[in-house]
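Down below is the structure, laid out as structure tokens.
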Amino acid sequence: MTKKDSSRSIRPLGAQDAEALFAFYQALSDDVVYFYRPFREVTTSVIREHLKQADEGDVYALGLGAEDGRVMGHAFLNGLRGGSPSFGIGLHQSILDRGWGSRLTAAVVQHADELAIARVELSVMKENTRAQAVYRKFGFSVCGETSFRGENDSWVMERRSTRTYTDVKESEP
Ligand SMILES: CC(C)(COP(=O)(O)OP(=O)(O)OC[C@H]1O[C@@H](n2cnc3c(N)ncnc32)[C@H](O)[C@@H]1OP(=O)(O)O)[C@@H](O)C(=O)NCCC(=O)NCCS
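Heads up: the sequence shown at position 81 corresponds to 341 in the numbering used here, and the numbers run straight through without jumps.
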């Protein structure tokens, strides 16, 4: 399967994408949801609130868009205004293993570095070795354990940036 597909593109999401993002979550298979459940419950108001926070700058939300307007993937940093943002990512089951998760992760990590975020955290089920392979590729490493569906069934991973706020200011034109 080719990793190139020009019919999809990565773009920031905002309030105008609420319907498409809700439809994305409604369309996820049980296998994807088993690993990926970023919201306790997916309702239109939960999705709207997430995108409102994106518009307000507390969340960085990216979507993988298809030509027909559907959202096929979602990656985000939550809690940008708090101490330590958390990262989440999920793709539609029809496009796994084609490099889109890596591309979305690269874009989120780049954004975190541009903001000189010192530490980004995530949790991932221990059995989700594919996701862990992607996270390690972008500098995440295990720093603890946590519970998701069962006791201590997940790793906490973190990525520490070596880029400081001063570096960012100095690189500005
Ligand atoms: C996790 C996820 C975002 C990764 O995105 P993706 O597009 O499928 O992954 P990519 O194709 O970018 O990369 C997968 C990498 O893992 C490797 N890989 C694939 N299956 C693997 C497995 N079972 N064990 C270890 N590595 C695996 C691939 O070889 C590839 O590595 P490479 O880029 O060095 O060749 C996506 O699979 C997904 O949404 N899964 C379901 C939901 C989910 O698990 N979300 C994360 C919750 S923490």
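Ideal Cβ placement from N, Cα and C applies to all residues, glycine included. The structure displayed is predicted, hence computed values, not measured ones.
What is the DSSP secondary structure of residue i, reduced to helix, strand or coil?
| i | result |
| --- | --- |
| His334 | strand |
| Thr406 | strand |
| Leu364 | helix |
| Phe347 | strand |
| Tyr320 | strand |
| Ala326 | strand |
| Glu301 | coil |
| Leu311 | helix |
| Arg341 | coil |
| Arg396 | helix |
| Ser267 | coil |
Does the Cβ of residue i have 16 or more other Cβ atoms within 10 Å, making it buried, or fewer, making it exposed?
| i | result |
| --- | --- |
| Ser401 | exposed |
| Thr406 | exposed |
| Glu387 | exposed |
| Val384 | buried |
| Arg419 | buried |
| Thr365 | buried |
| Glu316 | exposed |
| Glu374 | exposed |
| Gly361 | buried |
Please report the distance separating the alpha-carbon of residue i from that of residue j.
| i | j | result |
| --- | --- | --- |
| Gly323 | Glu411 | 31 Å |
| Arg271 | Phe398 | 19 Å |
| Val302 | Leu288 | 11 Å |
| Ala393 | Val369 | 15 Å |
| Arg300 | Val293 | 11 Å |
| Gly359 | Gly342 | 30 Å |
Take residue i and list the residues in its own chain whose beta-carbon comes closer than 6 Å to its own, dropping the five residues that flank it on each side.
| i | result |
| --- | --- |
| Ala321 | Leu273, Ala314 and Phe336 |
| Ile307 | Ala278, Leu281 and Phe282 |
Near residue i, what residues of its chain come up, given a Cβ to Cβ distance below 7 Å and the 5 sequence neighbours on each side ignored?
| i | result |
| --- | --- |
| Ser267 | Ala326 and Glu327 |
| Ile377 | Pro345 and Ser421 |
Below 8 Å CB to CB, which residues in the same chain sit around residue i once its five sequence neighbours on both sides are set aside?
| i | result |
| --- | --- |
| Ser414 | Ser383, Val384, Met385, Lys386, Glu405, Thr406, Ser407 and Phe408 |
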